[in-house]
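Add 9 to the 1-based position in the sequence shown for the UniProt record's numbering, that's all there is to it. First comes the structure, then the notes that go with it.
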Amino acid sequence: FTIIQAKYLASAVRPDQYPAGDWQEISFIGRSNVGKSSLINSLCRHHGLARVSGTPGKTQTINFYVLTAKLADEKRLDFLLVDLPGYGYARTGQANRRQWSRFIEEYLLYSPRLRLICQLIDIRHHPMDSDIMVHQWLTENNLPVQIMATKADKLSRSQVKKQSTVIRDVFSQSNSNPIAYSSVQGTGRDELVDAIRKVLLK
Ligand code: GDP
10 FTIIQAKYLA SAVRPDQYPA GDWQEISFIG RSNVGKSSLI NSLCRHHGLA RVSGTPGKTQ
70 TINFYVLTAK LADEKRLDFL LVDLPGYGYA RTGQANRRQW SRFIEEYLLY SPRLRLICQL
130 IDIRHHPMDS DIMVHQWLTE NNLPVQIMAT KADKLSRSQV KKQSTVIRDV FSQSNSNPIA
190 YSSVQGTGRD ELVDAIRKVL LK
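Shown next, in the form of structure tokens:
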């Protein structure tokens with residue numbers, strides 16, 4: 010199972026703008042600046058696919074990409090990667106946050122072929138209230154979650170181990186072992202691809 014192509018498909022803020030078709034979907038969610046765009050680009054090996062930004066909280070649309078994977082038998086499988094807007098950005102007001110939740114909830118509860126939500130947490134920090142709230146909401150709605158601990162290259166090996174345990178314990182509801190990821194070094198990419206393969210070929 011190898012990802013061989015990634016292409017931007019569409020952006021949406023309302024269900025009638027979601028791309029038509031019966032693709033399986035893998036979504037990515039996390040606080041602004043957690044490294045989501047970098048992780049998506051690194052996963053797809055496509056440098057300019059998702060926008061990496063120094064100003065957090067900018068992407069306010071749901072962005073859809075079509076990924077093509079080559080399977081062991083040389084067949085190909087297309088699926089959607091869905092980049093959800095970042096949450097928890099301090100400078101956006103209450104109204105903005107409500108808007109965010111409504112529109113994300115709409116997507117997450119609607120999407121019939123959503124196979125996995127990768128929730129990104131910065132490995133250096135204890136998960137924040139917003140991370141915990143989002144996680145609780147996902148698991149309460151029986152959505153399958155994979156925790157990704159981002160920016161693993163910023164810590165030593167032993168710190169990565171320690172923080173992974175902290176993150177696993179905070180998010181024990183989802184029974185997901187966090188995958189430590191570095192978009193700079195490519196650490197964790199094989200594990201993530203494998204998690205995606207498992208849910209798509211189930
Ligand atoms: P987003 O707002 O969640 O999409 O985050 P970005 O991908 O735009 O990244 C936010 C900042 O963190 C940028 O300055 C990135 O260069 C940096 N960053 C993201 N991922 C990594 C990583 O794995 N390692 C390191 N060292 N920096 C990262």
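Even glycine gets a Cβ: it sits at the ideal position worked out from N, Cα and C.
It is roughly 32 Å from the alpha-carbon of ILE38 to the alpha-carbon of ASP82. In this chain, VAL202 is not harboured by any beta strand (DSSP E); it is covered by the alpha helix (DSSP H) spanning 198-209.
Look at THR159 here: in three-state DSSP terms it is strand. SER181 is classed as exposed because its beta carbon has fewer than 16 other beta carbons within 10 Å across all chains shown. Short of 7 Å from the beta carbon of HIS55, and not among the five residues preceding or following it, lie these beta carbons of its own chain, in chain order: ALA15.
The beta carbons of SER139 and LEU48 sit no closer together than 8 Å. When the beta-carbon positions are compared, SER120 and GLU34 come within less than 8 Å of each other.
In the displayed model, GLU83 falls within coil according to three-state DSSP, outside both helix and strand. Assignment of PHE37 by DSSP, reduced to helix, strand and coil, places it in the strand class. With contacts defined as CB atoms closer than 8 Å, THR174 and ILE132 fail to qualify as a contacting pair.
Looking at the DSSP output, ASP92 sits in a beta bridge with PHE37 and ASN72. GLN128 is positioned such that its CB atom lies closer than 8 Å to that of VAL143. In this structure, SER46 sits away from GLY195, with a CB-CB distance that is not shorter than 8 Å. For VAL193, the distance from the CB to the nearest heavy atom of the ligand GDP is below 7 Å. Pairing TRP32 with ARG122, the inter-Cα distance amounts to about 7 Å.
The three-state secondary structure of LEU129, taken from DSSP, is strand. As DSSP reads the structure, LEU48 sits in no beta bridge. ARG85 sits exposed, since fewer than 16 C-beta atoms from the chains shown fall within 10 Å of its C-beta.
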